[in-house]
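The listed protein sequences correspond, in order, to chains A and B.
So the first sequence is numbered by our numbering: it starts at 42 and just counts up by one.
So the second sequence is numbered by our numbering: it starts at 1315 and just counts up by one.
Every residue gets a Cβ at the ideal spot worked out from N, C-alpha and C, and that includes glycine.
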Amino acid sequence: MSMGDPWQTAEIPGPKKALVMTKPEIVTAMIKRARRPILIVGHRAAEIDLGEELLIDYLIRFAKKTGIPVVATAHILGEFLKRGFKPAHMPAVNIGSRLADPEWQGLDGKGQYDLVLLIGMQYYFEWLILSSLKHYAPYLKTISLDNVYQPHASWSFPNLSMGKWKEALNVMMQKLEGGT
Amino acid sequence: MSIKNVRLKIDELKTRMAFIKNLQLSIGRVTEETPEEPLGPTPFPSLTTLREWDMKLLKRYKPYYLPFCDVCCLCTFGKCDLTGNKRGACGLNMSAQQSRIVLLACCIGAATHIGHARHLVEHLIEKFGRMHPVDVGGVNVEVEAPVTRLVCGVKPKTLGDLEVVLDYLENQLTHLLSITHTGQEGNNLDFESKVFHAGMIDQVGMEVADLAQISAYGFPKADPEAPLIDLGFGVVDINKPVILCIGHNVPPAIGIVDYLTENGLQGEVEVCGLCCTAHDVTRYNPKAKIVGPISWQLRFVRSGVPDVVVVDEQCIRTDILLEAQKVKAPLIAASEKNCQGLEDRTNDDPDKIVEDLVNERVPGVLILDPEKVGEVAVKVALKLAPKRKKFKVIPEVKDVIEGAKRCRQCYRCTRACPNNLPIPEAMKMAAEGNLDKLNEIYDECIGCIRCEHACPEDLPIHSFIVKAAEKKMKNETFKVRAGRGAIQDIEIREVGGPIVLGEIPGVIAFVGCANYPKGGREIAEMAMEFAKRRYIVVTSGCAAMSAGTYKDEDGKTPYEIFPGYFDAGGLLNVGSCVSNPHIAGAAIKIASIFAKRKLMGNYEEIADYVLNRVGAVGVAWGAMSQKAASIASGFWRLGVPVVVGPHGIKYRRMLLGRADKEEDWYVYDARTGEKVYVGPAPEHLFYAAETKEEAMVMIAKLCMRPNDTTKGRAIKLTHYIDLHKRLYGTMPEDIHLFVRTLADIPITMKDEIVKILEEKGWKERPIPDPTLLPRLIRKRKEEQP
């Protein structure tokens, strides 16, 4: 399997495919460059075990560190609240359709976003949300933070083992903490 | 469109050739308006007759496109890259292309049902005669074809009358399909309007099919106490010869039951089914058994239990011949639509066919005569069963372990699996002798065997999973109530008020296929949750089977726990896929019987009524097929929202309302003509949920309607808030959009909600007599004194 192969073998998109992020530093650089980033977290973040913590716990740290507003989709809101973190809540198709609307003024009414980070949905579900954004939101850059290649994103990790993925997430956090 | 409407009546005619008395001849439309049932404005609507209504819906519920493919490859101009809204060589952009594909899917779905209906009606007319009466419930069902009456403005009384309806449907379908040709429609919203039209005629086609088979075969006629049917892998008696019927068009299965009855062989042979043929054969004979939904085909065939496999049409695995051959079970194909490459033996001597099948001279045959299918299937099963001895291809445990040792951990299986199941991990454990993980996977496996096709070692992974879960599978013994068909008029009269006023919190229909994200049990869990909350829960198709696959502490299944009445707390199975219009029909009958709205050819007004007053929601949790797409679109045009499971997002287009756009949620108050804000009720028309929990909260929310009384709205809010708190851990943030007056607030939550309303700057607003149709305004503002 090459780095640019979709995780689900048959989910071949078309001519425009995500750039593969071989280095997690790309994410931190993109975040720093973004004017209005947003993080969308699907329900699987409460199921994925990174070893010392669940993915959701990592994402709470990530969100606190970056100050990026978080939208929790499906029923993961309760898991955030249990951990004392209050994200915005919106079904995935609702946030997807709003991001694809150039007139939407964002969660805070201050304007549309320019960078969307996605993580934790079913592969195919996220694949299609990203597809809608690729086709209908040219003003957005999208990054998939999952450990599987999402061809419809602007940037995506390649298919990574849990170990490699965890390493990448840790590097991201270190870079954010280091401020470089 | 023009429908011929010629009637010739001769009381008495004397000529040199003949003496004719009391001759009546009708051509074309077979019924017409009567003083009791005046004809509305849109009988037999053409492609654009209801376009204005569609645009009203589409203005509020805007298409949200999620392209499933960036290119178009439907003509030789292509492939054309439509990325980022580029236009193809024909000029079409991405939105129009996506809606075009949705239309194509809905045409396929509608054609499948209408073709099914045509075959069924032709067969039943041949068998029972054109004048056989349409009767789906005797005096209990006087509005016996609500969808057909609503759409076509005709009242079919006999099987022959249904042919006129089918002529109309086939005409419309041809036009609809032609629209997907290169260089036709160019606007996505017009494509969407035609999607609605395809869905609407699909509903009529399904209704025709079910009216015909209920009337002719004597299926349960709107019977809330239809018998309980055995359901599950474990209910089939493997000590007997077993005939498995798969598909949707029931005459061949009925041919089998009739042959057994006529030859005194009942009880000698097990007749069981998968998918909708199973529903319909048990509506005919409650002693037949239902193995399960469509996704159980391979696990059952590979288990070696069936001695003969009979297939008719729709949702059958197209490799069924190969799979049947593996277990040495002959295949009888019984439909022109699904010949499987087999020799047509319809005109051969049945005993010669039996001999060829039993002696394995041929792997299967095509027989296009349901009665002959019955004779051949029974004779083959009886002769072959002792010889086959339930030959199976499910391996022994030691073979699973040895096979698992060959697993390369390459993950191609998982990458091919629609549900991303952790097969490599399970194989690793199996190689060490532990089959627990494979056993767990069974619960979420949809039986597609893409894993096997991906495996570089050619491991029969699905068979490994089935072996690991063998014990569990054999204990799958449940009950499902036989498809009852229509809802009685009296039931509608009794619940119409509480539904329209909101006091019964909603009607929730679990319908469709079995492409579940986490197994069929989720359907049972959702159905039970809402039945306990005193919603009316209706089921059909594979979802009706999955809703039965649960047992409580006393070993009771949902259909035994909840009554089969169309009433609060009821759980009722209407039947197979083609029974879905009984659900739409119930909503229509609420408008017609309870509210006394004109029915015949009055689509727009009734849909407006349903959208604004009838808190009904369709749930197709495992929607897979094009038929599911067209069924859903029939509900959309009627104003009934549909929620699909996560795989349903692959239909590539949602219809979503925007709660944050206040201007989208105004209706007319029919009493005054004033425009009134009613909040986002219902918020969406087509919605894909990531998880069961998300779906449950959304279902409760989508049951709210502008017409709810304060008491009704308080009840609906109670359920919405309660589910939201339980599943999301907090109060919904949009509660202020659904509270119109303080009396809407559930009494036990008053303090909490009032505080939220204050924070949100909420203001009380009137509850209108809601309509989107200006022509229904009884008194305009300027006309008031």
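Residue of the options minimising C-alpha distance to residue i
| i | options | result |
| --- | --- | --- |
| Lys1846/B | Pro1607/B, Tyr1873/B and Lys1910/B | Tyr1873/B |
| Lys1554/B | Pro1955/B, Ile1439/B, Val1585/B and Asp1475/B | Val1585/B |
| Gly1987/B | Ser1893/B, Leu2090/B, Ile2059/B and Ala1909/B | Leu2090/B |
| Val1694/B | Gln1654/B, Ile1570/B, Val1457/B and Ile2081/B | Ile1570/B |
| Cys1653/B | Ile1667/B, Gln1639/B and Val1625/B | Val1625/B |
| Met1514/B | Tyr1598/B, Ala1898/B and Val1385/B | Ala1898/B |
| Leu2056/B | Lys2077/B, Ala1937/B, Tyr2042/B and Gly2043/B | Lys2077/B |
| Val1564/B | Thr1363/B, Trp1979/B and Pro1684/B | Pro1684/B |
| Asn1577/B | Val1690/B, Phe1510/B, Gly1429/B and Asp1504/B | Val1690/B |
| Gly1862/B | Ala1882/B, Phe1876/B and Phe1792/B | Phe1792/B |
| Leu2087/B | Glu1867/B, Leu2041/B, Ile2035/B and Asp1368/B | Asp1368/B |
| Gly1761/B | Ala1930/B, Leu1698/B and Gly1834/B | Gly1834/B |
| Ala1900/B | Val1814/B, Lys1601/B, Pro2020/B and Gly2043/B | Val1814/B |
| Asp2036/B | Met1408/B, Glu2007/B and Asp1757/B | Glu2007/B |
| Val1509/B | Asn1916/B, Val1672/B and Ile1415/B | Ile1415/B |
Beta carbon proximity, residue i to chain A, threshold 9 Å
| i | result |
| --- | --- |
| Tyr1283/B | Any question about residue 1283/B goes unanswered here, given that chain B covers just 1315 to 2099. |
| Phe1382/B | yes |
| Tyr1830/B | no |
| Arg1729/B | yes |
| Thr1397/B | yes |
| Val2011/B | yes |
| Tyr1378/B | yes |
| Tyr1864/B | no |
| Arg1374/B | no |
| Met2018/B | no |
| Thr2005/B | yes |
| His1961/B | yes |
Proximity below 9 Å, CB of residue i to CB of residue j
| i | j | result |
| --- | --- | --- |
| Arg2027/B | Phe2000/B | no |
| Gln146/A | Tyr164/A | no |
| Met1622/B | Phe1614/B | The sequence given here places Val at residue 1622/B; Met does not occur at that position. Taking 9 Å as the Cβ cut-off, Val1622/B and Phe1614/B do not qualify as a contacting pair. |
| Leu1417/B | Thr1494/B | yes |
| Ser140/A | Lys182/A | For the sequence presented, residue 140/A should be read as Leu rather than Ser. Their beta carbons are not under 9 Å apart, which means Leu140/A does not touch Lys182/A by this criterion. |
| Gly1467/B | Leu1353/B | yes |
| Gly1959/B | Ala2009/B | yes |
Residue-chain proximity (residue i, chain B), Cβ-Cβ < 9 Å
| i | result |
| --- | --- |
| Asn135/A | yes |
| Gly152/A | no |
| Ser197/A | no |
| Ile97/A | no |
| Thr221/A | Confidence is the limiting factor: at Thr221/A the pLDDT is only 45, short of 50, which leaves the residue's position unreliable and the question unanswerable from this model. |
| Leu217/A | no |
| Lys207/A | no |
| Gly204/A | no |
| Arg77/A | no |
| Ala59/A | no |
| Thr50/A | yes |
Burial state of residue i (16 or more Cβ within 10 Å)
| i | result |
| --- | --- |
| His1896/B | buried |
| Gly1581/B | exposed |
| Val112/A | buried |
| Met203/A | exposed |
| Ile79/A | buried |
| Thr221/A | Bear in mind that the predicted position of Thr221/A carries a pLDDT of just 45, short of 50, making it too unreliable to give a figure here. |
| Asn1319/B | With a pLDDT of only 49 at Asn1319/B, under the threshold of 50, the placement of this residue in the model should not be trusted, and no figure is reported. |
| Met131/A | buried |
| Thr1632/B | exposed |
| Gly219/A | exposed |
| Phe1876/B | buried |
Quick test of the definition: if touching needs 3 or more C-beta pairs under 8 Å, does the segment 1815-1835 of chain B touch the segment 1934-1947 of chain B? yes
Do the segment 1797-1812 of chain B and the segment 1904-1912 of chain B make contact, defined as three or more Cβ pairs closer than 8 Å? yes
Decide yes or no for the touch test of the segment 1944-1957 of chain B against the segment 1418-1438 of chain B: beta carbon pairs closer than 8 Å, at least 3 of them. yes
Could you say if the segment 1401-1409 of chain B and the segment 1539-1551 of chain B meet the contact criterion of at least three C-beta pairs nearer than 8 Å? no
Please confirm if the segment 1385-1395 of chain B is in contact with the segment 1962-1972 of chain B, defined as three or more CB-CB distances below 8 Å between the two stretches. no
How do the segment 1654-1667 of chain B and the segment 1777-1793 of chain B stand: do at least 3 beta-carbon pairs fall below 8 Å, yes or no? no
Is there contact here, the segment 1585-1594 of chain B with the segment 1731-1739 of chain B, by at least three beta-carbon pairs under 8 Å? no
Segment contact flag, the segment 42-58 of chain A with the segment 110-129 of chain A, C-beta cutoff 8 Å, min 3 pairs: no
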